[in-house]
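Everything below concerns the one structure shown next.
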Amino acid sequence: MLNRRKLLVRTAGFAVFGLSLGKAAAASLPGVEKASMRGSINATELGVQPGTFDDQSKAFAKLLREASDRDMPVFLQPGTYVVSNLTLPGRVRLTGVPGATRIVYGGDGHLFMAEQADHIELSGLVLDGSNRSMGDYAQGLLDLRRVAHLIVDNCQITGSGKNGLALEHAAGRVERTEISGAADAGIYSVEAAGLAITGNTVSDCANGGILVHRWQAAEDGTIVTGNRVERIAARGGGTGQNGNGINAFRAANVIVSGNIVSDCAFSAIRANSASNLQVSSNTCMRSGETAVYSEFSFEGAVISNNIVDGAANGISIVNFNEGGRMGVCSGNIVRNLSTSGPYPADPPGFGVGIGVEADTTVSNNVIENVPLYGMSIGWGPYLRNVVATGNIIRKAGTGIVVSVVDGAGTAIISDNVIDGARNGAIVGQRWADPATGDLAASADTGFPHLTVERNHVS
């Protein structure tokens with residue numbers, strides 16, 4: 074009878090023999106020692122050699138042209154390749170060994186550019202800008218324009234003198250890529266045509282993390298999901314143009330979900346003139362200004378189920394004076410705000426949990442430890458059709474402020490729980506100045522546009 078111990082002893086020799094035989098058989102196959110990919114062109118066979126610090130731009134350009142003409146992928150062995158001013162042909166599939174195949178920018182212009190390409194696929198590459206300056210014409214270390222099908226996967230892009238990855242009229246996906254140390258933004262996309270930016274890490278960039286922009290307001294449809302964005306500065310200055318982790322500008326139908334965004338000089342997520350926006354299930358930590366912002370001339374913003382912990386303001390859906398309207402703000406947690414921001418604040422100041430103005434519902438949010446207002450509804454006459462219900466506000470300067478100036482539109486404030494508001498639970502304001510007592514104490518507000526009922530104050 075064989076027991077388990079005897080069986081393992083008797084079969085161990087066969088396992089070792091099989092492993093040795095497998096190695097011998099593999100070594101006998103032609104080309105295995107070159108670590109190439111089946112069906113691809115091995116770059117060394119066309120004179121592109123790893124591990125040399127000589128500029129290989131001419132040989133590299135010839136390699137890419139031949140691969141494009143033959144419609145074949147190129148495999149780059151581990152090592153360093155110094156190149157500059159490469160224009161990618163219409164069809165490129167360039168693959169390396171992740172973390173080991175390094176393409177280093179040699180200076181005097183750009184690294185990779187493309188214009189009007191059918192298919193560009195970059196995977197398993199380290200693309201190093203060496204913090205060198207770039208030509209005025211270049212938008213980024215990788216400057217890819219009018220690409221019908223783009224894939225950037227499992228790469229590292231570091232040390233760009235401008236944007237890390239600059240895209241224009243691109244469709245496809247950027248995923249599982251680490252981008253760091255860009256002198257401008259990590260990823261800059263303008264006029265996208267069906268782009269997914271998923272599962273990337275963008276860090277330590279001087280002016281922006283992931284930017285989704287358009288030259289004119291129009292449908293964009295970019296999906297930004299599952300990314301980690303951290304330590305974004307605003308070296309270019311301004312009051313919100315720079316310093317944002319994820320920024321949509323004039324881009325409609327954008328989805329921003331499931332991202333972790335921390336330590337940004339201004340907003341974790343900022344949308345300017347971006348209609349039909351969805352911002353959901355993001356974690357926003359330690360934002361310098363407003364953590365989640367939908368502003369200026371937008372129509373339609375759903376901001377739901379986000380966590381904001383640490384900011385000057387929490388969530389703002391505002392600028393009805395510029396046409397900004399129509400929003401849903403629900404299920405968010407906003408906490409631990411500050412009255413300090415990156416510039417001297419206009420009235421009423423920093424420290425507002427949630428601010429809304431027009432055609433918006435604010436429901437089922439939890440707001441805690443905010444120094445100025447838990448919630449701000451309207452600004453002067455810029456108030457229309459706001460319902461605030463089912464929210465919990467705890468430890469605020471004032472629980473809820475609502476505009477009572479002439480011309481302010483309808484607001485309903487009902488069924489909220491307000492605990493520990495130092496300066497009143499619900500107060501009517503004329504611009505930044507209190508104009509009423511605590512409206513939660515009476516069923517009659519004295520203002521026909523305003524309904525305040527069934528709120529619980531402690």
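Numbering follows our numbering, in which position 224 of the sequence shown is assigned residue number 297; successive positions increment by one, without gaps. Quick reminder that beta carbons are idealized off the backbone N, C-alpha and C, glycines included. As the structure is a prediction and not an experimental result, all values here were calculated from the model.
The shortest CA-to-CA distance from Arg175 to any of Gly510, Trp288, Leu195, Ala290 is the one to Leu195. In the same chain as His192, and ignoring 5 residues on each side of it, the C-beta atoms closer than 6 Å to its own belong to Arg164, His222, in chain order.
If you draw a straight line from the Cα of Arg308 to the Cα of Ala211, it comes to about 20 Å. Lys135 sits in a helix when the DSSP states are folded into three classes. Around the beta carbon of Asp382, 16 or more other beta carbons lie within 10 angstroms, which makes this residue buried. Judged by beta-carbon spacing, Glu251 lies within the 8 Å limit of Thr274, meaning their Cβ atoms are closer than that value. C-alpha of Phe520 to C-alpha of Gln502: approximately 12 Å in a straight line. Each of His242, Leu523, Phe133, Ala469 was checked against the Cα of Tyr154, and the nearest Cα belongs to Phe133. With a cutoff of 8 Å on beta-carbon distance, Val459 and Val443 are scored as not near each other. Short of 8 Å from the beta carbon of Leu137, and not among the five residues preceding or following it, lie these beta carbons of its own chain, in chain order: Val147, Leu159, Leu161, Pro162, Val165, Leu167.
Under the 10 Å beta carbon count, Asn236 is surrounded by 16 or more other beta carbons and is classified as buried. DSSP places Pro507 in the uninterrupted beta strand (DSSP E) bounded by 506-511.
Within the same chain, Ser157, Leu184, Asp201, Gly202, Ser203, Arg205, Leu214 come within 7 Å of Tyr178 by CB-CB distance, once the 5 residues on both sides are set aside. If you look at Trp288, you'll find it in the beta strand (DSSP E) that goes 281-292. Residue state for Phe393 is assigned as helix, using DSSP reduced to three classes. The C-alpha of Gly451 lies about 12 Å from the C-alpha of Asp479. Contact between the stretch 328-335 and the stretch 429-440 is not established, with fewer than three Cβ pairs separated by less than 8 Å. Take Asn300, set aside five residues on each side of it, and the residues of its chain with a beta-carbon closer than 6 Å to its own are Asn273, Asn332, in chain order.
For Ile342 against Gly373, the beta-carbon gap comes to about 16 Å, at or over 8 Å, which does not count as contact. With fewer than 16 neighbouring CB atoms inside 10 Å of its own CB, His529 falls in the exposed class.
DSSP places Gln351 inside the beta strand (DSSP E), whose first and last residues are 350-353. The Cβ neighbour count for Glu526, taken over all protein chains shown within 10 Å, is under 16; the residue is labelled exposed. Of the other Cβ atoms in all chains shown, fewer than 16 fall within 10 Å of the Cβ of Gly510; this residue is therefore exposed. Per DSSP, the unbroken beta strand (DSSP E) holding Tyr261 starts and ends at 258-263.
A direct Cα-Cα distance of roughly 10 Å separates Ile466 from Ile406.
Residues of the same chain with a CB within less than 6 Å of the CB of Val477, apart from the 5 flanking positions on each side, are Gly501, Ala508, Phe520 in chain order.
For Ala461, the uninterrupted beta strand (DSSP E) segment begins and ends at 457-462. Ser360 places its beta carbon 8 Å or farther from that of Ser389.
For Pro151, same chain residues with a beta-carbon under 7 Å away, outside a window of 5 residues either side, are Pro123, Val170, Ala173, Thr174 in chain order. Of the candidates Phe126, Gly404, Arg323, Gly497, Gly404 places its Cα closest to the Cα of Asn438.
Rounded to the nearest angstrom, the Cβ distance from Thr524 to Gly497 is 18 Å, too far for a contact under 8 Å.
The DSSP-derived three-state label of Glu118 is helix. Looking from the CA of Arg218, the closest CA among Met207, Glu241, Gln229 belongs to Glu241. Separation of the CB atoms of Gly400 and Ser370 is rounded to 13 Å, and the pair is thereby denied contact status at 8 Å. Per DSSP, Asn438 has no beta-bridge partner at all.
Residue pairing by DSSP places Met448 opposite Ile427, Ile473 in a beta bridge.
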